[in-house]
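For the record, in the sequence shown the residue sitting at position 140 is 140 according to the UniProt record's numbering, with numbers rising by one throughout. Beta carbons are placed, not taken as given, at the ideal position from N, Cα and C, and that holds for glycine.
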Amino acid sequence: MRGRPNDPALHHLRRPHRGGVRQPLPGALPEAQWRQRLRHRVERQIRAASGWACHRGSAGQKISLHYSEADRVSTLVDFYGFQDRAARTRAQLEADIAAAARDITTGYDPRYVLPYVQMHEFEGLLFTNPTHFEWAEDGWSEDVKAKLMAVAQAFPNPEDINDSPETAPSKRILSIFPEGTYSKPEHGPLIAEAIGIDAMRQKCAQFDAWVAHLQAWGN
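Below, the structure is given as structure tokens:
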């Protein structure tokens, strides 16, 4: 699994081997330990995914780059940060990413590629439990907490928090915290880790479905 703060977070699952038959690696972990390791890997890549923009071609290129060296490849990209999304839906963007990867990848097989676009933005996942924004200690206050809770309560789930330049999840956070006291790359990972992937899955159905697919790949 690989990812850098300014790149799509790419998830490589090494088991089972491409080809349809389970091929456990030597010394493969028991299922419970494997699932725990997957959870930690996804958490790390969530933390790596904040603060970048993407477009169809770059996501497809990243998939193609890692396709030959991995048994499974998936993306985690922000819907809000998709520079050329126009009026396309999340499903259309994911299909376009897959098409871009297919066009430039030798031996491409869609069974082993899972493009995923997070609605509306990585930071939306942090509204799963706004109390953990306390990790941004310099700007934290009861007033900040109340405003963050109000945002979370105004939507059916964190993935519905909308994505205009003024109301995207990250923009809301920056407008609530005193200037200079909240840093996406510094505080976002801490908050995500404090919340935990299981809590995010309970409130974010699309994110949950993606993680479930990753888990199914390992069975």
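Pull up the DSSP beta-bridge partners for glutamine 118, would you. Asp78
Would a C-beta distance cut-off of 8 Å place histidine 120 and asparagine 162 closer than the cut-off? Cβ atoms of histidine 120 and asparagine 162: closer than 8 Å.
How big is the Cα-Cα spacing for threonine 75 and proline 185? 19 Å
Best match in Ala205, Ser170, Tyr67 for proximity to glycine 107 [C-alpha to C-alpha]: Tyr67
Have a look at Arg111, Gly60, Ser141 and flag the residue whose alpha-carbon is nearest the alpha-carbon of tyrosine 182. Ser141
At the level of alpha carbons, what is the spacing between glutamate 94 and arginine 72? Between glutamate 94 and arginine 72, the C-alpha separation is close to 16 Å.
Do isoleucine 197 and leucine 126 have their C-beta atoms within less than 8 Å of each other? At a Cβ-Cβ threshold of 8 Å, isoleucine 197 and leucine 126 do not count as neighbours.
How about glycine 60 and alanine 100: do their beta carbons lie closer than 8 Å? yes
Kindly indicate which residue of Ala98, Arg90, His187 has the alpha-carbon position closest to the one of aspartate 138. His187
Nearest CA to the CA of isoleucine 63: which residue from Pro115, Phe79, Val151, Thr89? Pro115
Whole-number beta carbon distance between methionine 200 and threonine 89, since they are thought to touch under 8 Å: Methionine 200 and threonine 89 do not touch by the CB rule: their CB atoms are close to 22 Å apart, not below 8 Å.
How many whole angstroms separate the CB atoms of phenylalanine 79 and valine 117, which I take to be in contact at a CB cut-off of 8 Å? 5 Å
Residue interval of the alpha helix (DSSP H) (run including leucine 174): Note, leucine 174: alpha helix (DSSP H), 169-176.
Hey, how far is the Cα of glutamine 153 from the Cα of threonine 105? 44 Å
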